[in-house]
Each structure stands twice: as C-alpha cells, then as structure tokens.
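Oh and the sequence shown: position 146 is 127 in our numbering, straight run, nothing missing.
Every residue, glycine too, gets a C-beta built ideally from N, C-alpha and C.
On a predicted model such as this, the values are computed, not experimentally measured, just so you know.
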Amino acid sequence: MRKHLYLSFLIVVIEMLLTSTSHSQTTIDYTNTGGGSWTVPTCVTSISISVQGAQGGGSSGGSGAVLTTTMNVSPGDVISFDIGGQGGNGPGSGGYGGGGTGQSSGLGWPSSGGGGATTLSLNGTLIAVAGGGGGTGGGDSFSNGGAGGCPGGANGNSPFGQGGQGASVTSGGAGGPPWTSGGGTGVSGSLGQGGAGAVDLNYGNAPGGGGGGG
C-alpha cells in the first residue's frame, strides 16, 4: 500500500505530496504569513514540493516565483517554512519576507511594496527560496511590478525610474535606477530582500519595490 500526504500553505503556497507504503491522502492547510514547521511522519520517504513567493502590492503587482522539486526524506525530519506576505499598497511597505519598499509620490500615485520571499528548510538547512513579485509602479500612471524568478526576480518597468531588482539567494536586490531626466537611485536590499524603487526628481514619483529573494 502507498500513503500520500498532501499539505498546502495558502496565501503563499507550499504544496507537498509525500509517498510511503499505503494508499491514503491527507490535506493540511497553512493560511497565515510567517513561520512554522512540520515533522515527516512514519513511513514517508519522499516529498514533492511546490513553493511560491508572495505577490507584489497594488493593482499590478508582479506574481511570486514558483519552485517545484522532489526530494527524499526520512521519518522524523523537520520541514520548516517561512511564508512571505504580499506587499502593501502605495505608499507601501514591503511584504513580510524581504519585500522592497514602495515610496511616496508628490504628484500622481505612490508605488507599492514588493512581495516577500517564501523559504523552506529541511532539518535547519535551507533548501528552497521563492522570490516575491515587484510592487506596482507609481508616478503619473501605474506600471507593472516585475515577476519573481529563479534564481533571481525579474525587474519592474516604469519610464519614471525602475523598480528595485529582485534579490538572489547569494546577494540582495539592487536599488532601481532613476528616471533619465534625473532623480535618485533606490536603496539596495540585503540578502533575500529586494531593492527599493527609485524616485523621480521632478515630482517625487516612484515605482514599486523589488520582490524578495528568489
């Protein structure tokens, strides 16, 4: 007999399909942003996982990255997870898990925060990081946030300064470059944290922050 145990982490999704010696399936839902853990039960020897980062804030926030893999596990192994949160609407803070920060606008719309990364560890060792999406760009009109990717998040787009770049698993996301007519470069992020959006010098417009590490 084969046993299947299926777990889904909602809001930002981590899905696990575990295989052992009997035919059964159980679904467990984790619905809150933040950390948690799960212990591999008796007879389970492999797990297929799909890990997704959080979406960027605002109406056009980029989608989080999705990572899928299969690995061997042993009963008693501890799988820890930290689920990223969606970026805030402009002027928005970055989502839990390292999302870049949106900025205020002197004219038009402020930018939104980037989504946070979702991470997965096995017995204390990091095994998966899914980057969050970039926040919606601000300025005289909205622009789309960049999508999270693997191994790095994609950048947002805006003619009034670009969104902070996605972070990688080895370095923080760079700050977004300013509008060609002038302005300030966004602040670079730390490891696993997207950079902040740049500012339009003339009007204080800003695009969305970058996503979390991917």
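For valine 32, the enclosing beta strand (DSSP E) begins and ends at 27 to 33.
Bounds of the beta strand (DSSP E) holding tryptophan 19 are 15 to 20.
Following the DSSP letters along the chain, one finds asparagine 53 inside the beta strand (DSSP E) bounded by residues 47 to 53.
For threonine 106, the enclosing beta strand (DSSP E) begins and ends at 106 to 111. In the DSSP annotation of this structure, the continuous segment of the beta strand (DSSP E) that includes aspartate 63 starts and ends at 59 to 64. Where serine 102 is concerned, the enclosing beta strand (DSSP E) starts and stops at 99 to 103. Between the alpha carbons of tryptophan 90 and glycine 39 lies a gap of roughly 11 Å. Counting only the Cα atoms, proline 72 lies some 14 Å from glycine 115. Your pair glycine 95 and glycine 76 checks out as a contact, with CB atoms roughly 7 Å apart and the cut at 8 Å.
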